[in-house]
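Structure, as C-alpha cells:
Protein chains: 2
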Amino acid sequence: MKSGQVTIKDLAKELNISVSTVSRALADNPLVKSTTKKAVMELAKKLNYQPNFTALSLRSNTTRTLGVILPQVVHDFFSQVLRGIEDIAYSKGYSVIICNTHESYEREVMDAKNLVNGRVDGILACVSKETKDFTHFQEFKDRNIPLVFFDCVVDDITTDKVIIDDHEAALIAVNHLISTGRKKIAYVGGPENLLISKNRYKGYKDALLEANIAFDENLVLHRETGDFKDGAGAVQDLLKKNVEIDGLFAATDLLAIGALKELKKAGYSTPRDVSICGFSNWKISEIYDPSITTVDQPGYNMGKISSNMLFKQIENKDANHKAETKVLKTSLVIRESTQI
Amino acid sequence: MKSGQVTIKDLAKELNISVSTVSRALADNPLVKSTTKKAVMELAKKLNYQPNFTALSLRSNTTRTLGVILPQVVHDFFSQVLRGIEDIAYSKGYSVIICNTHESYEREVMDAKNLVNGRVDGILACVSKETKDFTHFQEFKDRNIPLVFFDCVVDDITTDKVIIDDHEAALIAVNHLISTGRKKIAYVGGPENLLISKNRYKGYKDALLEANIAFDENLVLHRETGDFKDGAGAVQDLLKKNVEIDGLFAATDLLAIGALKELKKAGYSTPRDVSICGFSNWKISEIYDPSITTVDQPGYNMGKISSNMLFKQIENKDANHKAETKVLKTSLVIRESTQI
DNA sequence: TTGAAAGCGATACCAC
DNA sequence: GTGGTATCGCTTTCAA
C-alpha cells in the first residue's frame, strides 16, 4: 500500500484469499461464492480501492483516452468542437487529453510525438497554420493508431476527415451582401496558404461571378492572421488605395470587427455605408455593437461526428477501414451589420 | 509486434540478444559493448521503436502527466492560465490532460474520479460555480495525490492555493471610477455564492466607504451568471427602479458590455453619461466599441505559479509539505469606457 | 469455488 | 558484458 494506493494484493492479504479471487469478485464474476464476493466488495469500499489505471491500460492495451490536437482553445469554434468530442467520449467512458499547439509547428510535433507511444487509443487533429510538413501525423497511420482530421486537414494523408464547406458558406454570405444591393464588396482573408482561406476566397469570387459583378483585385486583401488588428490593417490599406466599397466579406469575425471599427474611424457607418459579414459566429459577433452578420459553423456537430468516426476506427482496428471525408453544411446568421 | 507497436522483445529477438541488453543499450548504459549498443540503436531507429508509455508508467509509478480541472476553456483568463501551466509542464517533460467541467458539478465529480486512480501525477483545479460539496477533491488529499487550487478555491481543503486579490482589484477599479468624478456607481455581479464574487463586491463597498459615498442597496445587482445577457438584464432592472447612475462596476467584462449595450439602448452614452468598468480584461474588452476599462488578471503567471507549486509537491511527495496560499496582484487597464 | 502462474512492456538486480 | 528473473497491478487461463 505504498504511496497511498490500495492494490488488489492488499485486499487479498487482508482477507487471506488469492488475488485471482479478489479480481474475480470485483468483476462480479458469478463463479465467486457470494459471501466471498461480499467480503471483498465491502473491504474494497472500506479501503476506498480504485483499480490502478496504468495497470489496466497495460493489460488491455487500451487507454480509454482520446488525444485531441488543435491550434487554440480560446476559440469559440474549437471549444464547441471540443464539447462535441467530449460528449461522445464521456458517453463511452473515455477521457480526452487536449494538446493545445498554440498554432506552433514545433509544439504540434512535440504533442504528436508525445501521443504516439501508446498513451491514447486514437487521435483527433486540426493542423496549425504553420504546419507544412506532416510526417508527425503520418506516424500515427504507420503505427496503426486511429486518426481523424477535422477543420484544417491534411490532404496527403489518407484517413477520415470532417470539414466544413467553406466555399459554399462564403458563396452564400457574399450572395447575401449582393442581395441587399451591395456591388463593391471587399474581401479580407486570413493566411493564404490555408485550405480554408482558399475556399472562402473562392466562394467570394464565385458569388461575384454568378451575380455578374466584375472581380476587382484592388478589393482583395489577404492577411497573415485572422485577427482583429489585421482587419483594421486591411481597411487602412484599402483606404490608402482610395477605392470605394459598400460591402465587406471577412474570413473571420475578428477581421470583420477590426475592419468595421477602422471604417467607422474613417467616417463610414455600418451597415449604412458599408455592410459587413464575418465568418464563424463567435460570441463577440453577437455582442458587438452593431451585431455582426456571420457564417455559423456547426462546431459541436463536427466534434460529435469526428469522434464517432474515430470510435468506429478504434472499434474495428483490424478490419481495413475505408477513409471517408464528411463535409458539413453551415448557415448564415443575419444581424445588424447587414440589415439596412 | 502486434497492433503495430515494436517492443523491446522484437528488438531482442531480431538481434539474438536478451531484452536486458536491449534495455541497457537503449538507456546508453556504459556497460554495454559499443558494437552491441550501435546495433540496437540502429535497429530501434529502423523499426521506429518507441518505449511503451503505459509500461513505463506502471514501472515507475509516475505518468509524467498533470491533470487540470477547470470550468471552461473558452475563457481568455483560463486559457492564459492553461498556457502558463502548459509551459511549465512541457519544460519538465510533462503532458497536460485538461478536464473541462463546463461549470457542471456532475462533470467535475466524474473528472475527479477519473483522475484519482493513478492516471496523473498531480492535479490543478479551479472549482465550478455549481460545486458545493468537495469530497471528490478531498479524495486527492486522502490518496496523497498532489493538488493545487487556483482562482476558485476550496477553503475547507488544506493544500496549496493560488488566488487573485479580487477585493483589492475591485477597490482600485471603483476608486478609479470615483476619481473621474462618478458618485452614483452601480454594482453588477456574478453568482453571489462564489468567493470571487463576494470579494469583488466587498471591494466595491469598501471603495465607496473610503470615499465617503453612501452605499445604496438599490444600485446593487447580483446575477446568476457573469454573462452578457445578465449584464443587460441587470440594467433593465435598474432602469425599472428609476434610479440614476453615472458609473457602473461589473464583476466580469461580459456583464459590463451587456450593461453598456442596454444603457445605450435606453439613451445613455458611455463614458459620457455612465462610465463603466469590467473585470478580467478579456480580448473583447479591448476590441469593443467603446473599448472597456477593466481589471487585468495575471492568468499566465497564475498558471506558472500554480504548476510550480504542484511540481514542488510532486518532487517532495514524502516530505510533509506545508500548504501555502499565494495571492496575486492585478492591474487596472484604463480604456475608453471611463475616459471622459 | 479457488489458487497458481503467465503475461502486458519495460527496468534493474543478481548471477556468471 | 550479458542473460535470467523479479517486479509494477491487474486479468485470465489452467488445474485442482
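Chains A and B supply the protein sequences, listed in that same order. Read in order, the letters of the first sequence correspond to residues 51 to 390 in this note's numbering. Read in order, the letters of the second sequence correspond to residues 51 to 390 in this note's numbering. We put the beta carbon where it would ideally sit given N, CA and C, even for glycine.
Range of the contiguous alpha helix (DSSP H) that encloses residue i
i	result
Ile222 of chain B	216-229
Asp351 of chain B	Per the sequence shown, residue 351 of chain B should be read as Asn rather than Asp. Start and end: 349-365.
Ala300 of chain A	No alpha helix (DSSP H) holds Ala300 of chain A; the beta strand (DSSP E) holding it covers 297-300.
Phe199 of chain A	First-last for Phe199 of chain A: 197-200, but that is the beta strand (DSSP E), not the alpha helix (DSSP H).
Asp303 of chain B	303-315
Gly253 of chain A	245-260
Leu174 of chain A	That residue, Leu174 of chain A, is in no alpha helix (DSSP H); its beta strand (DSSP E) goes 172-175.
Ile138 of chain B	126-141
Ile334 of chain A	333-337
Ser381 of chain A	Element bounds for Ser381 of chain A: not the alpha helix (DSSP H) but the beta strand (DSSP E), 381-383.
Among the options, nearest to residue i - alpha-carbon criterion
i	options	result
Glu92 of chain B	B:Leu76, B:Val224, B:Asn150	B:Leu76
Asn331 of chain A	A:Thr302, A:Val224, A:Asn351	A:Thr302
Val56 of chain B	B:Leu97, B:Val90, B:Lys63	B:Leu97
Ser341 of chain A	A:Leu174, A:Ser325, A:Phe200, A:Ile263	A:Ser325
Leu259 of chain A	A:Ile222, A:Asn370, A:Lys290	A:Ile222
Ala439 of chain A	A:Leu269, A:Glu294, A:Ala264	The first residue shown for chain A is 51 and the last is 390, placing residue 439 of chain A beyond what the model contains.
Ser70 of chain A	A:Ile58, A:Glu64, A:Pro80	A:Ile58
Leu372 of chain B	B:Asn150, B:Lys63, B:Lys211, B:Thr181	Per the sequence shown, residue 372 of chain B should be read as Lys rather than Leu. Cα-wise, what sits closest to Lys372 of chain B is B:Lys211.
Ile147 of chain A	A:Ser141, A:Ile173, A:Met160	A:Ile173
Ala162 of chain B	B:Tyr144, B:Phe184, B:Leu310, B:Asp339	B:Phe184
Thr144 of chain B	B:Glu64, B:Phe103, B:Val177, B:Asp280	Looking at the sequence shown, residue 144 of chain B is not Thr but Tyr. Checking every option, the nearest Cα to that of Tyr144 of chain B belongs to B:Phe103.
Lys392 of chain A	A:Ala236, A:Lys279, A:Asp216, A:Lys234	One cannot answer for residue 392 of chain A here, as it falls past the ends of chain A, which runs 51 to 390.
Arg385 of chain A	A:Lys376, A:Cys327, A:Pro348, A:Asn366	A:Cys327
Thr209 of chain A	A:Ala175, A:Thr230, A:Leu313	A:Ala175
Asn111 of chain A	A:Val170, A:His152, A:Leu81	A:Val170
Lys63 of chain B	B:Ala89, B:Val82, B:Asn79, B:Pro80	B:Ala89
Lys279 of chain A	B:Lys333, B:Leu304, B:Leu298	B:Lys333
Asp277 of chain A	A:Leu289, A:Val238, A:Cys149	A:Val238
Ser178 of chain A	A:Gly349, A:Val123, A:Ile390	A:Val123
Gln363 of chain B	B:Lys234, B:Glu294, B:Phe199, B:Val224	B:Phe199
Cys202 of chain A	A:Thr388, A:Lys376, A:Ser387	A:Lys376
Gln389 of chain A	A:Pro348, A:Asn370, A:Ser319	A:Ser319
Gly231 of chain B	B:Asp323, B:Lys255, B:Leu61	B:Asp323
Ala139 of chain B	A:Gln347, A:Ala284, A:Asn150, A:Leu289	A:Asn150
Gln100 of chain A	A:Leu81, A:Ser73, A:Lys83	A:Ser73
Gly349 of chain B	B:Glu158, B:Val131, B:Asp266, B:Tyr251	B:Val131
Beta-carbon proximity of residue i to residue j, cut-off 8 angstroms
i	j	result
Ile246 of chain A	Thr380 of chain A	no
Asp296 of chain B	Leu271 of chain B	no
Ala282 of chain A	Gly317 of chain A	no
Thr113 of chain B	Tyr155 of chain B	no
Met352 of chain A	Leu382 of chain A	no
Gly253 of chain B	Ala219 of chain B	yes
Glu401 of chain A	Pro241 of chain A	For chain A, the structure presents residues 51 to 390; residue 401 of chain A sits outside this window and is missing.
Ile228 of chain B	Ala261 of chain B	yes
Val345 of chain A	Phe361 of chain A	no
Phe190 of chain B	Val204 of chain B	no
Lys142 of chain B	Asp339 of chain A	no
Leu298 of chain A	Ile235 of chain A	yes
Thr86 of chain B	Ile67 of chain B	yes
Ala257 of chain B	Asn292 of chain B	no
Leu61 of chain A	Ala94 of chain A	yes
Val285 of chain B	Leu304 of chain B	no
Unbroken beta strand (DSSP E) run spanning residue i, endpoints
i	result
Asn150 of chain A	145-150
Thr375 of chain B	375-378
Leu269 of chain A	First-last for Leu269 of chain A: undefined, no H or E at that position.
Ala236 of chain A	235-239
Gly24 of chain B	In the structure displayed, chain B extends from 51 to 390; residue 24 of chain B sits before or after that span and is not available.
Ser325 of chain A	325-327
Per the contact definition of three or more C-beta pairs closer than 8 angstroms, is the region 113-133 of chain B in contact with the region 342-361 of chain B? yes
Taking contact to mean 3 or more Cβ pairs, one atom from each stretch, closer than 8 angstroms, check whether the region 99-113 of chain B and the region 129-141 of chain B are in contact. no
Are the region 180-195 of chain B and the region 122-133 of chain B touching, with three or more C-beta to C-beta distances below 8 angstroms? no
The region 303-328 of chain B: positions lying closer than 9 angstroms to chain A by Cβ: Leu304, Ile307, Gly308, Leu310, Lys311, Lys314
Please identify, using Cβ separations under 7 angstroms, the residues of the region 193-204 of chain B that lie next to chain A, in order along the chain. Arg193, Asn194
For the region 348-360 of chain B, which residues have a beta carbon sitting closer than 7 angstroms to at least one beta carbon of chain A? none
Under 7 angstroms, CB to CB, which of the residues in the region 161-176 of chain B have a partner in chain A? Asn164, Val166, Asn167, Gly168, Arg169
Going along the region 66-78 of chain B in order, which residues come within less than 7 angstroms of chain A, judged by CB to CB distance? Here the close residues number zero.
Where the region 233-267 of chain B meets chain A: residues whose CB sits under 8 angstroms from a CB there: none
Short-range partners of chain A found in the region 85-111 of chain B, where Cβ spacing is below 8 angstroms: Only those residues of the region 85-111 of chain B whose C-beta falls short of 8 angstroms from the nearest C-beta of chain A are listed: Asn98, Gln100, Pro101, Asn102, Phe103, Thr104, Ala105, Ser107, Leu108, Asn111.
Looking at chain B, which residues of the region 132-143 of chain A have a Cβ within less than 8 angstroms of any of its Cβ atoms? Leu132, Arg133, Glu136, Tyr140
Scan the region 266-289 of chain A for residues whose Cβ lies nearer than 9 angstroms to a Cβ of chain B and list them as they occur along the chain. Of all residues in the region 266-289 of chain A, those with a C-beta nearer than 9 angstroms to a C-beta of chain B are Phe278, reading in chain order.
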